[in-house]
Every structure is written in C-alpha cells, then in structure tokens.
Amino acid sequence: MLHKTRGIVLKTTDYGESSVVVQVFTEKLGLQSYIINGVKKPKAKISRNMLQPLHLLDMVVYHKNTGNVQRIAELKNSPVLQSIPYDMVKSSMAMFLNEVLYKSIRQQSADENLFGFVFSAIEWLDNQTSGLANFHLLFLLQLTRYLGFYPDRYQANDADYFDLKNGVFNKYKPDSVLYLSPPHTQNFNKLLQSNFEGLAQLKFTNDERRYLIAKLLEYYTLHIEGFGNIHSHEILEEVLS
C-alpha cells in the first residue's frame, strides 16, 4: 500500500555496489528502513546527498506491516536545508543531535508530536543566524518531554540539587552521586524556562556548557535502556570553544 509522509533521515548505510539502506523517522509510520537502489549512479533520481543526516523529506512509500525493509516510490528534500550542511557550527550540532536521535528513537509506530518537534527544531536551526551556542542543550532537554522523562519542575526555583536518576529537583543532596549541584542546578533550571527564541539570552561559559552536556547525556543514559556512549559532542565542543 502507498503512503505519503514526511521524514527525517537518521542513518544511511551502503548496501551492495550502488544501493543504500536508509533509516528514516517518518511522521506517519514511525522509524522505518528503506532500501534505495542506484543512488551512487551519476543520474540517480535519488542521490546520496539527499540522504544526509537530519535532511528533511517528503516521501511516497510502499509499506507492508510484515516487512522489515520497505521501498520508496518518490522522495524529495522538503524543505531543502540552506545552511546546516555548509555551516561548521550547525553541521556539528546536526551530527551530534543525529547521534542522540538515532539512539533514542526506537518505535516503529507513528509519534506525530515527537516528529513535529524534531522537524520544527531542524527548520529553526537551519534558518537561525545567531544565538546558537546553547541550541543543542535546549534541544536535548525539550526532547525528553517526548521521550517520557522530562524533569519535574516542582521546587525548581528553590532547589540546590537536581536528581538525575529520579528527574526531580531537591533542596538537599541526593543519596546517590547522580545529581547536579550549584551553580549547575540553576543553569539547568534556566534551560528549562527557556525556548528557542530566547536562546540568545542564555549566557553560559564553555566550561558550564561542557558540564551541562555531559550531565544531560548521563541523564539520557539513565533513562533510555541501551543508550550507550555518545562521542560527537566532543567535536561540537571544540567548534564552539
């Protein structure tokens, strides 16, 4: 059966001499794998460049509920990314966020709210010209809302600690070592109160930013089974420093 859906490219893997298998988070069908033949040929209708990480797609696909790998009838980039592939800061952010998304999104069923958030955030990043240094921090924090472990903000304004394991703010130090302490707790709360339009008002030092991203990744590891290690943020940190 044919389905029309938007999609976000997560990973493309070579398959044979001229084909690829591309994993796409789709709006209507969730996470799906598609085999595309002939993408490496000079006159390919669908080229490898169209399938870069976090590229946005309009697709018409064949879908079988019993199939592990599906096929594509039509595909185009829409909207075409204007700056992310060519801007070092944005492309480094995209590489990092793509790695996080690839390890976080598992469901082979539609989640249109999650899809809409990610799609809109990529569009925003592509169109923005300044105030991007903390975009990846806010993206990861807001993404937790859709993944099911958004922090409980009760007592956030009066707390000195944030318990990473339980996702709550506390006035007193948790029993475990998995927590944020001042001033990082307050910086974390500033992120929670922010949105993409207000990112330029967030002023973190490089050290504060590094600490927060390390703790956010620890938070993900605690709440997503098999999340594993992320390495691409190290490249991003070098670009931002």
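Numbers 1 to 241, taken from our numbering, label the letters of the sequence shown in order. Note that the Cβ used here is the ideal one computed from N, Cα and C, for glycine as well.
Next on the checklist: Quick check: the stretch 12-32 against the stretch 77-92, are at least 3 beta-carbon pairs closer than 8 Å?
Outcome noted: Because the criterion of three Cβ pairs below 8 Å is not met, the stretch 77-92 and the stretch 12-32 do not touch.
Checklist entry - Taking DSSP as the reference, what is the three-state secondary structure of alanine 121? => result Helix, per DSSP.
Checklist entry - How would you label arginine 145, buried or exposed, when you count the other beta carbons within 10 angstroms and need 16 or more for buried? => result So arginine 145 ends up on the exposed side.
Checklist entry - Comparing the C-beta of lysine 203 with each C-beta of chain D, is any distance below 9 Å? => result Of the protein chains in the structure, only one exists, and it is not chain D.
Next on the checklist: Restricting to runs no shorter than 3 residues, where is the beta strand (DSSP E) found entirely within the stretch 92-167?
Outcome noted: The stretch 92-167 contains these whole beta strand (DSSP E) runs: 161-163.
Next on the checklist: So histidine 184 and leucine 212 are supposed to be a Cβ contact under 8 Å. How far apart are they, rounded?
Outcome noted: Contact between histidine 184 and leucine 212 is confirmed by a C-beta separation of about 7 Å, below the 8 Å threshold.
Next on the checklist: Less than 9 Å between the beta carbons of tyrosine 179 and asparagine 170, yes or no?
Outcome noted: Closer than 9 Å, so yes.
Item to check | Proximity to isoleucine 35 [Cα-Cα], best of Lys28, Glu27 and Glu17 | outcome: Nearest C-alpha to isoleucine 35: Glu17.
Checklist entry - Span of the alpha helix (DSSP H) holding valine 239? => result Residues 232-240.
Checklist entry - Counting Cβ pairs, one atom from each stretch, are 3 or more of them under 8 Å apart for the stretch 136-143 and the stretch 212-225? => result Yes: the two stretches touch, three or more of their Cβ pairs being nearer than 8 Å.
Next on the checklist: According to DSSP, threonine 13 sits in a beta bridge with which residue or residues?
Outcome noted: Beta bridge pairing from DSSP links threonine 13 with Val21.
Checklist entry - Taking the alpha carbon of phenylalanine 196 as the point to measure from, which residue in Pro174, Asn98, Glu238 and Ala133 has its own alpha carbon closest? => result Distances from the CA of phenylalanine 196 to each of Pro174, Asn98, Glu238 and Ala133 were compared; the closest alpha carbon is that of Ala133.
Next on the checklist: Could you tell me the alpha carbon to alpha carbon distance between leucine 29 and alanine 110, rounded to whole angstroms?
Outcome noted: Taking the straight line from one Cα to the other gives about 5 Å.
Checklist entry - What three-state label does DSSP hand threonine 5 in the structure shown? => result In this structure, DSSP gives threonine 5 an extended state, which the three-state scheme calls strand.
Checklist entry - When we look at the beta-carbon of leucine 234 and count the other beta-carbons within 10 Å, is it buried (16 or more) or exposed? => result Leucine is not the amino acid found at residue 234; the sequence shown has glutamate there. Glutamate 234 is exposed by the Cβ-count criterion.
Checklist entry - Should threonine 205 be labelled buried (16 or more other beta-carbon atoms within 10 Å of its own) or exposed? => result Classification of threonine 205: exposed, given that the 10 Å Cβ count is below 16.
Checklist entry - Is the beta carbon of tyrosine 62 sitting closer than 9 Å to the one on leucine 2? => result Against a cut-off of 9 Å, the Cβ pair of leucine 2 and tyrosine 62 comes out as a contact.
Checklist entry - Roughly how many angstroms separate the alpha carbons of leucine 53 and proline 182, rounded to a whole number? => result The question names leucine, but residue 53 is proline in the sequence shown. Cα to Cα, proline 53 sits roughly 36 Å from proline 182.
Checklist entry - Whole-angstrom Cβ separation of tyrosine 154 and tyrosine 172, contact assumed at under 8 Å? => result About 15 Å separates the beta carbons of tyrosine 154 and tyrosine 172, which is beyond the 8 Å limit, so they are not a contact pair.
Next on the checklist: At 4 residues or longer, what runs of the alpha helix (DSSP H) sit wholly inside the stretch 168-219?
Outcome noted: The qualifying runs are 184-193.
Next on the checklist: Please report the straight-line C-alpha distance between alanine 10 and serine 104, rounded to a whole angstrom.
Outcome noted: Note on identity: in this sequence residue 10 is leucine, with alanine being the wrong assignment. In this structure, the CA atom of leucine 10 is about 11 Å from the CA atom of serine 104.
Checklist entry - How should glycine 116 be labelled, buried or exposed, when 16 other C-beta atoms within 10 angstroms of its C-beta is the threshold for buried? => result Exposed is the call here.
Next on the checklist: Assuming the contact rule is C-beta atoms closer than 8 Å, phenylalanine 149 and glycine 167 should be a hit. Round their C-beta distance to whole Å, please.
Outcome noted: With 8 Å as the limit, phenylalanine 149 and glycine 167 qualify as a contact, their Cβ atoms being about 6 Å apart.
Checklist entry - So who's on the other strand from methionine 50, going by DSSP bridges? => result Under DSSP, no beta-bridge partner is assigned to methionine 50.
Checklist entry - Going by other Cβ atoms of all chains shown within 10 Å of its Cβ, with 16 needed for buried, is glycine 7 buried or exposed? => result By the C-beta density criterion, glycine 7 is buried, having at least 16 other C-beta atoms within 10 angstroms.
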